[in-house]
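Peer 1:
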Amino acid sequence: MTQSEPNAHRNGAEAAMLNALFSQSPVGLHLLDRELRVVRVNTAAPGMRDVSPQEIVGRRFDEVYGLADADEVLALVRGVLDGGGPVVGHLVRRHGPGDPDREHFNEVSVFRLEAPSGEVLGIAMAVVEVTAREEGRAREVLLEMTREHVGRTLDVLETCQELVDVLVPRVADIAVVEVVDAVLRGDHPPLAPLPPDVPLRRAAFRSAAGGTGTGTGTDAPQAHPLGDVRALPGPTPYTQALSDLRPRAVASLDEDLPWLAADPARARAIRAAGAHTLITAPLTVRDTVLGLISLYRTRQGEPYDEDDVSLLLQVADHTALSIDNARRYTREHTIAATVQRQLLPRRPSSHPALETTPLLLPPDSGGQWYDTIPLSGARTGLAVGGVVGRGLHAAAVMGQLRTVVRSLAAFDVEPDELLARLNDTATFLAAERATLPTADPLHRQALAARFAYAVYDPLTLTCTVAGAGSPSLVVVHADGSTEVRNVPAGSLLGSEDKTPFAATAFTVPEGSLLILCDTPLPALVASGDADALRRPAEQHRGRPLEDLRDDVLYALAGTAEPGPTALLLARTHPFPADRVGVWQLPDTPTVVATARGLVRDRLADWGVERETAHDTELIVSELVTNAVRYGSPPLELRVINDRALTCEVRDGSASTPRLRHASVADEGGRGLFIVAQLAQAWGTRYTPEGKIIWTEQNPPPG
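Residue 742, in our numbering, is where the sequence shown stops; the numbers in between run on with no holes.
#1: Write down every uninterrupted run of the beta strand (DSSP E) in the segment 99-137 whose length is 3 residues or greater and which is fully enclosed by it, in chain order.
#2: For R142 versus E342, is the C-beta distance shorter than 8 Å?
#3: Got a sec, what are the start and stop residues for the alpha helix (DSSP H) F615 sits in?
#4: Helix, strand or coil for N738 per DSSP?
#5: What residues in its chain sit with their C-beta under 6 Å from that of A232, if we drop five residues either side in the sequence?
#6: Among residues of its own chain, excluding the 5 on either side of V622, which ones have a beta-carbon nearer than 6 Å to its beta-carbon?
#7: Helix or strand or just coil, what does DSSP make of V242?
#8: Give me the Cα-Cα distance between S552 and S521, rounded to the nearest whole angstrom.
#9: State the Cα-Cα distance for the pair R387 and H358, rounded to the nearest angstrom.
#10: Comparing alpha-carbon positions, which option in H144, H135, V148 and D221 lies nearest P126?
#11: P455 to H517, Cα distance in whole Å?
#12: Going residue by residue through the segment 630-698, where are the continuous beta strand (DSSP E) segments of at least 3 residues, counting only ones entirely within it?
#13: Using DSSP bridges, identify the partner residues of P398.
#14: Rounding to the nearest angstrom, what Cα-Cα distance links G158 and V81 in this structure?
#15: Judging by CA-CA distance, which residue of L441, L448 and G119 is the nearest neighbour of A466?
#16: Determine whether the beta carbon atoms of H667 and E736 lie at a separation below 8 Å.
#17: Could you check what DSSP says for E707 in three-state terms: helix, strand or coil?
#18: Tell me the start and end of each unbroken alpha helix (DSSP H) in the segment 496-568 that is at least 4 residues and wholly inside, in chain order.
#19: Helix, strand or coil for V437? Go by DSSP, reduced to three states.
#20: Assuming contact is defined by CB atoms lying nearer than 8 Å, are P614 and E550 in contact in what I supplied?
#21: To the nearest angstrom, how far is the alpha carbon of E501 from that of E676?
#22: D162 and R74: beta carbons closer than 8 Å?
#23: Can you grab the Cα-Cα spacing for the pair A166 / G176, in whole Å?
#24: Excluding the five sequence neighbours on either side, which residues of its own chain have a C-beta within less than 8 Å of the C-beta of P277, listed in chain order?
#25: Can you name, in chain order, every residue of its own chain whose Cβ lies under 6 Å from the Cβ of D497, other than the five neighbours on each side?
#26: Terminal residues of the continuous beta strand (DSSP E) containing A289?
#27: To the nearest whole angstrom, what separates the beta carbons of L469 and A508, a pair I think is in contact under 8 Å?
#28: Have a look at V524 and D411 and give me their C-alpha separation to the nearest angstrom.
#29: Between H391, V349 and T324, which has its C-alpha nearest D364's C-alpha?
#30: Could you say which of H228, Q380, L585 and S510 lies nearest to A366 if we only look at CA atoms?
#31: Do L638 and V631 have their C-beta atoms closer together than 8 Å?
#32: Among the candidates R690, A617 and K731, whose CA atom is the shortest distance from the CA of P392?
#33: Run through the DSSP bridge pairs and tell me what G730 is partnered with.
#34: Can you tell me where the alpha helix (DSSP H) with S334 in it begins and where it stops?
#35: Tell me, please, whether the CB atom of T199 is closer than 8 Å to any CB atom in chain C?
#36: Tell me the start and end of each unbroken alpha helix (DSSP H) in the segment 404-471 that is at least 4 residues and wholly inside, in chain order.
In structure tokens:
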């Protein structure tokens, strides 16, 4: 064999290999010259089924393959030709000549061809069709986006809007979500098939043209605006999907479809938007119907296929669960808010010397409360608090604690002692919660509550306050100056901390505004002109207290720091001096007659009816007698014409009086029994100097 024979044999083998590659390889192969013109192409190249090689050979590659990003791909190939390294697996988008509306994906590898001498001959490109893979990957990405972005809030409307934001423009040019109206209120959804008269609310709309259904001039045409509630006319693909819970795909929305006449408004919107294909699927959970998703294509040319139907069903399943969770939350939230409203006082108790108004933030969390409690001696108890947590369980604990506060306040205990006894109740409730089964969600939620309690006395102009947590109290004086009172901080109610609660007392001038809160008020701590609440509170005199409450709300909403949860505004007024009688009494047996005479004259001045005045004289007689006999000086008698006719006898002894049932042979022991029969309420209030025995009778006329 001559030397030329091996070369010829090798050249023949190379030619045969090259021919085999171009005739049998499943990978698309292209040979380009240095001008990037097609020299040779095999039939496996994407798009070659609809054209012949003769139509392509001799033309530059970017002119014949319908590349979506022709300039980018051309620059890539030129870079390889000009000395760059090979490019492997670059993703290219193109439109096929036989299907210009559908986008195809190719994976392209580019190599430079060089002769043994080093001369650059051209480019070799290997192209693989990966449209199915990329579409599957896009579906997976869409599902992941749905799981990540849809259902982030426990709000039905927000969830529906999140869904259309994900779907447009990725798989649809227009997306519409309609929800059974009862679901938005938290009610149970109806069972399938959906009755034809059940109204649906248009909950979300989005268009690739820029419309969001808000009614602006740029909105895409809609059959009905957002928020519209109506039953769907039928039969249509929409009603059929809600009937048998199966999706419907309409490949061509042409004028000849008979069901378009059943829903003229929707037909007009379809024609106006230029929609040519539709897919609609129900939103269902456990054989109940929550709503309907409808997707339209106007710009994307290809109709929906089975893969799109499968994708939409998976999206619908996730969305339906999210909507149902939001519905359940709405239902529980509504129940908790209703329970809270029933447990809270209808309106704060009024008092001639004190007017109050509450502010809850947010107003319906379930665990916050306020109260104004009438106390003996014309005093008023101010209470604000909040159970940590939300929902029905927080509302139930709130109702229990509020009842205990009312009961304890009736015993005239000081604020710090009231908090100690209230903490005992909260600790007991927390211990009960800890014994719940471990599967119960409450077992893992520690019971804790914030609370602040203040007692205002309009006769001495003093306020005593104590708190659990970090309460705050601000006094806005009549001249507009603001004073932040230092309320002793205590542990949260229900905690294991056994530190005693402390109270502080201070003077409150007449005409002041008290702002009591169960949490710190950062906007009020600052002083000077920068104070966010000082300016609206400066002019509080003469303004309705409700207006001041709104001013406080607006000021707190504008601060960056967290605001309070429960807040009570109280404005003080002078107590009428002519409605109080106070006398210092000598410690002698004859003082009883003197006391009766003083009270008789004062009741006559007030115009108290004779029977009530007679009962009051008997009450004063018994109270003064007990003070002289069992108490110690100094003695003081006080009558108050307030919301009740109050009699108070003060002495220097701390001994506790006790109601007895005297026997027939006993000569005494009937004093408090008589008092209890004549008065509507009576009790003992202790002071640093001794005690006060008080009684209350029905309010006198006028």
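Virtual Cβ for every residue (Gly too), placed ideally from N, Cα, C.
Nothing here was measured: the structure is a model prediction, and the numbers come from that model.
Peer 2: According to the data block:
#1: 127-136
#2: yes
#3: First-last for F615: undefined, no H or E at that position.
#4: coil
#5: L285, D327 and V329
#6: R678
#7: Per the sequence presented here, residue 242 reads as Arg, with Val not at that position. In this structure, R242 counts as strand in the three-state DSSP scheme.
#8: 10 Å
#9: 44 Å
#10: V148
#11: 23 Å
#12: 675-681 and 685-691
#13: L608
#14: 24 Å
#15: L441
#16: In the sequence as displayed, the identity of residue 667 is Ala instead of His. Going by C-beta atoms, A667 is not nearer than 8 Å to E736.
#17: Note on E707: pLDDT 42, under 50, position unreliable in the model; the coordinate value appears next. E707 falls in the coil class under three-state DSSP.
#18: 562-565
#19: helix
#20: yes
#21: The question names Glu, but residue 501 in the sequence shown is Leu. Distance between the alpha carbons of L501 and E676 is about 19 Å.
#22: Checking the sequence, you will find Gly at residue 162 rather than Asp. Yes, the pair counts as a contact, with Cβ atoms nearer than the cut-off.
#23: 22 Å
#24: R288, V290, W299, L318 and T320
#25: R419
#26: R288 to V290
#27: About 14 Å; that fails the 8 Å criterion.
#28: 22 Å
#29: T324
#30: H228
#31: no
#32: A617
#33: T727
#34: Taken as a continuous stretch (DSSP letters only), S334 belongs to no alpha helix (DSSP H), being part of the beta strand (DSSP E) at T328 to R337.
#35: Judged by its chain identifiers, the structure shown contains no chain C, having just a single protein chain.
#36: 432-449
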